[in-house]
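> Handing you this structure, nothing more for now.
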Amino acid sequence: MGSEFVALSLPPILIGCLAAVACALPGNFLLLRRQALIGDAISHVVLPGIVVAFLLTGMVSTWPMMLGAAGAALVAVALIQIVQRVGRIEPGAAMGVVFTTMFAGGVLLLEQSDTSNVHLDVQHALYGNLESLIWLDATGWHSLLDPEALAWLPPELTRMAVVAALVALFIAALWRPLAISTFDEGFARTIGIPVTLLGLALVVVSAMAAVAAFDAVGSIIVIAMFICPPAAARLMTDRLATQVWISAGLALVSAVLGYVLAGYGPLWLGADDAVSAAGMIATVSGLILGGAALFGPKRRGQSG
Amino acid sequence: MTQAAAMMSPLPSEQASAAVPLPLKVRGMTVSYGATPAVFSADMDIAPGAMTAIIGPNGAGKSTLLKATLGIIPRLSGQVEVFGQPLDRVRARIAYVPQRASVDWDFPTRALDVVEMGLYRQLGLLGRLTRQHRSLARDCLDRVGMADFAGRQIGQLSGGQQQRVFLARALAQGADLYMLDEPFAGVDAATEKAIIDVLKSLKDEGRTILAVHHDLSTVPDYFDNVFIINRSPVAAGPVATAFTETALQSAYGGRLATGLLDQLFPSAGPAPMPQPFPTLDA
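Here you go:
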């Protein structure tokens with residue numbers, strides 16, 4: 001049991017947890033800035049970036065794909081601004097236009113390019129391949145202390161851990177200016193906070209989290225984790241720091257519970273196959289948000 | 001070194017007064033949102049240790065002038081000097097109170113947290129908030145009569161209370177120049193009194209106050225100077241000389257109620273004849 005768990009379940013659970021937290025943390029600020037859809041937008045627009053990076057380098061490797069995705073995210077941010085200014089339409093609509101167009105472009109590129117020999121397709125883009133991120137060298141819990149086995153951990157795990165750490169560091173280090181400029185942008189400018197730069201940095205960090213998570217677990221989790229845990233946490237507290245901690249906790253709960261339910265839930269119900277872990281994690285986070293909306297102590301209009 | 005030299009050499013009074021720069025000096029400020037400028041070629045000098053009101057009709061560019069001066073919105077042209085220096089060098093000496101409606105009061109934060117935002121320049125990026133900082137923030141809340149609401153989520157405060165929290169945040173900044181955008185808009189009478197008392201005590205401490213203001217009837221009571229604008233400056237100076245019927249007519253055109261003008265300038269214009277006995281043969 002132990003060896004099977006460590007080899008087959010522990011890596012995907014850890015990756016799911018790290019991806020969920022990495023997206024939920026910046027999601028708090030995006031939500032309060034009424035930019036929650038940016039997470040959605042990013043996870044879609046990175047597709048053409050990743051495909052272009054693949055076409056240029058001919059391989060599915062991390063850093064070119066990360067660069068391609070980051071480039072696509074920046075192009076999208078610029079396009080959203082342009083559509084907003086030139087078309088004089090509201091930000092949400094501009095975002096909607098840009099990210100669906102870029103995602104569609106990515107799908108076309110993907111179809112036209114020869115990616116049949118690598119694991120890169122539309123389904124992968126949506127659901128990721130969480131269940132396949134296994135650690136075959138593990139023979140039990142003691143493998144966690146065995147350098148030889150550790151060397152063969154799924155690379156997604158290391159990458160996701162690095163990205164999650166960077167996201168957490170960004171938010172911790174810039175906590176104060178982030179909070180002030182999110183609440184009161186005009187005031188933030190007058191006390192010398194580089195508001196525009198900071199907003200851009202937040203988008204770039206979110207993009208980084210989205211891209212890393214997208215590669216490991218697919219865009220469904222990314223979209224859900226940017227919005228659901230922060231939105232649910234907001235309904236449970238009236239303090240920003242508490243909200244961010246709760247959102248991280250809810251992200252972890254969604255990831256673990258979602259993975260377990262996807263793997264064992266259908267069996268408990270008598271079905272034969274497991275369901276998509278990514279889909280179940282997103283569903284659980286949605287249910288948590290629903291619960292918070294119904295029973296959260298800080299619902300709008302709720303006093304005390 | 002130059003400072004020491006200047007202090008040692010006795011200066012003629014004229015040069016000495018020139019050596020003390022104005023709290024705020026704006027030259028040739030033009031701001032545009034679209035094709036037509038919202039503020040056109042405005043010069044503004046703000047006198048030290050006084051309260052100045054920026055007044056003008058709706059859409060006259062009052063807030064725009066304030067925001068462009070502070071670099072919150074971009075300007076097409078114009079120079080700004082604060083205490084004789086570029087804005088970026090003296091940000092610590094400026095406190096800005098935005099319009100209340102400009103932020104989302106549903107933000108997950110308490111009144112005291114908002115006041116502590118005023119300590120940002122003191123604390124820096126990673127400085128720890130000490131007990132002294134916290135008690136300073138509480139003192140500021142106390143000064144605007146909001147000590148009992150420190151732990152209240154800001155969305156649960158009334159409009160007037162929210163405005164007072166904003167003022168407390170400005171107090172926490174410990175600035176020399178206070179710039180307020182419509183501090184009395186939509187507040188209750190008690191709040192208006194609390195705010196004006198605080199502003200007057202700031203003035204008594206020698207600080208400079210500049211406020212966008214819309215209630216003409218309180219201008220003479222509250223302010224020392226006025227800056228009247230309708231896209232371009234119309235008149236500026238002490239209330240006694242610049243706040244005239246002519247200047248207001250020129251800025252507001254026909255949008256002023258005559259009753260208000262009569263109330264503000266009882267001597268000007270034909271005073272209504274007292275008619276103790278209604279006559280029938282009119």
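Just so you know, the protein sequences line up as chains A and B, in that order.
Once you know that position 98 of the first sequence is 98 in UniProt numbering, the rest is easy, because the numbers rise by one and skip nothing.
Once you know that position 244 of the second sequence is 244 in UniProt numbering, the rest is easy, because the numbers rise by one and skip nothing.
Where a beta carbon is used, it is the ideal one built from N, C-alpha and C, also for glycine.
For chain B, check one thing: does any of its Cβ atoms lie closer than 9 Å to the Cβ of Leu174(A)?
On the first sequence, position 174 is the one that residue 174(A) refers to. At least one chain B Cβ lies under 9 Å of Leu174(A).
> Can you tell me which of the three DSSP states Ala233(A) falls into?
For the purposes of this step, residue 233(A) is taken as the residue at position 233 of the first sequence. Helix, per DSSP.
> Nearest by alpha-carbon distance to Ala72(A): which of Arg88(A), Leu47(A), Asp215(A) and Arg189(A) is it?
Counting from one through the first sequence, the residue named residue 72(A) turns up at place 72. Nearest option by C-alpha distance: Leu47(A).
> Check whether the Cβ atoms of Thr233(A) and Cys23(A) sit closer than 9 Å, and answer yes or no.
What you label residue 233(A) is simply residue 233 of the first sequence in a count that begins at 1. What you label residue 23(A) is simply residue 23 of the first sequence in a count that begins at 1. Note on residue identity: the sequence assigns Ala, not Thr, to residue 233(A). No; because the gap between Cβ atoms is not below 9 Å, this pair is not in contact.
> Expressed to the nearest angstrom, what Euclidean distance is found between the alpha-carbon atoms of Asp215(A) and Gly155(B)?
Here the question's residue 215(A) lines up with position 215 in the first sequence. Here the question's residue 155(B) lines up with position 155 in the second sequence. Roughly 40 Å between the two C-alpha positions.
> Under 9 Å, Cβ to Cβ, is there at least one residue of chain B near Ala179(A)?
As a position in the first sequence, residue 179(A) is number 179, starting the count at 1. Yes, Ala179(A) lies at the interface with chain B (some Cβ there is under 9 Å from its Cβ).
> Could you tell me the alpha carbon to alpha carbon distance between Leu289(A) and Pro230(A), rounded to whole angstroms?
If you number the first sequence from 1, residue 289(A) lands on position 289. If you number the first sequence from 1, residue 230(A) lands on position 230. Between Leu289(A) and Pro230(A), the C-alpha separation is close to 9 Å.
> Who are the near neighbours of Ala248(A) in its chain, counting only those whose CB is closer than 7 Å to its CB and skipping five residues on each side?
Counting from 1 along the first sequence, the entry for residue 248(A) is found at position 248. So the list reads Val21, Ala24 and Leu25, once near-sequence residues are dropped.
> Does Leu18(A) get closer than 9 Å to chain B when you measure Cβ to Cβ?
One-based indexing of the first sequence puts residue 18(A) at position 18. It does not: the Cβ of Leu18(A) has no partner Cβ on chain B nearer than 9 Å.
> Whose C-beta lies closer than 6 Å to the C-beta of Asp224(B) among residues of the same chain, with five residues either side of it excluded?
Taking the second sequence and counting its residues from 1, the one referred to as residue 224(B) is at position 224. Closer than 6 Å at Cβ, skipping near neighbours: Ala50 and Met51.
> Quick check on Met1(B) - is its C-beta less than 9 Å from some C-beta in chain A?
By 1-based counting over the second sequence, the position of residue 1(B) is 1. Low per-residue confidence applies at Met1(B): pLDDT is 39, beneath 50, and the placement is therefore not dependable, though the value from the model is reported in the following sentence. No, its Cβ sits nowhere closer than 9 Å to a Cβ of chain A.
> Tell me, which residues are paired with Thr52(B) by DSSP?
Within the second sequence, numbered from 1, the residue matching residue 52(B) stands at position 52. According to DSSP, which records beta bridges pairwise, Thr52(B) is partnered with Leu210(B) and Asn225(B).
> Name the two residues that bound the continuous alpha helix (DSSP H) containing Arg164(B).
Counting from 1 along the second sequence, the entry for residue 164(B) is found at position 164. Segment Gly159 to Ala172, the alpha helix (DSSP H) holding Arg164(B).
> Ordered along the chain, which non-local residues of its own chain (more than five positions away) have a Cβ less than 8 Å from that of Val90(B)?
Reading the second sequence from its first residue, position 90 is the one you call residue 90(B). Closer than 8 Å at Cβ, skipping near neighbours: Val82 and Phe83.
> Against chain A, does Gln15(B) count as a neighbour if the rule is that its beta carbon must be under 9 Å from one of theirs?
Here residue 15(B) corresponds to residue number 15 of the second sequence, with the count starting at 1. Unreliable positioning characterises Gln15(B) in this predicted model, as indicated by a pLDDT of 45, which lies under 50. The coordinate reading is nonetheless provided below. Judged by the 9 Å Cβ criterion, Gln15(B) is not in contact with chain A.
> Drop a sphere of 10 angstroms on the beta-carbon of Thr258(B), count the other beta-carbons inside from all chains shown, and report buried for 16 or more, exposed for fewer.
Here residue 258(B) corresponds to residue number 258 of the second sequence, with the count starting at 1. So Thr258(B) ends up on the exposed side.
> Thinking C-beta only, is Leu112(B) closer than 9 Å to Ala150(B)?
Locating residue 150(B) in the second sequence gives position 150, counting from the first residue. Locating residue 112(B) in the second sequence gives position 112, counting from the first residue. Their beta carbons are under 9 Å apart, which means Ala150(B) touches Leu112(B) by this criterion.
> According to DSSP, is Val31(B) helix, strand or coil?
The residue labelled residue 31(B) in the question sits at position 31 within the second sequence. Strand, per DSSP.
> Out of Ala93(A), Arg34(A) and Met160(A), state which residue places its alpha-carbon closest to the alpha-carbon of Leu18(A).
Working through the first sequence from its first residue, we reach residue 18(A) at position 18. Ranking the options by Cα distance to Leu18(A), first place goes to Met160(A).
> Do you know whose CA, among Gly56(B), Lys25(B) and Pro21(B), lies nearest Val234(B)'s CA?
Position 234 of the second sequence holds residue 234(B). Out of Gly56(B), Lys25(B) and Pro21(B), Gly56(B) has the C-alpha closest to the C-alpha of Val234(B).
> Tell me whether Ala150(B) sits in a helix, a strand or coil according to DSSP, three-state version.
One-based indexing of the second sequence puts residue 150(B) at position 150. Residue state, collapsed to three classes: coil.
> Look at Pro64(A) and Leu56(A) and say whether their C-beta atoms are less than 9 Å apart.
Taking the first sequence and counting its residues from 1, one reaches residue 64(A) at position 64. Taking the first sequence and counting its residues from 1, one reaches residue 56(A) at position 56. Yes; because the gap between Cβ atoms is below 9 Å, this pair is in contact.
> Are the beta-carbon atoms belonging to Phe107(B) and Thr182(A) less than 9 Å from one another?
Translated into positions along the second sequence, residue 107(B) becomes position 107. Translated into positions along the first sequence, residue 182(A) becomes position 182. Yes, the Cβ-Cβ distance between Phe107(B) and Thr182(A) is below 9 Å.
> When Cβ atoms are compared, which residues of the stretch 229-246 of chain A fall closer than 7 Å to chain B?
Residues Arg234, Thr237, Asp238, Arg239, Leu240 and Gln243.
> Which of helix, strand or coil does DSSP assign to Asn129(A)?
One-based indexing of the first sequence puts residue 129(A) at position 129. Three-state DSSP puts Asn129(A) in coil, outside helix and strand.
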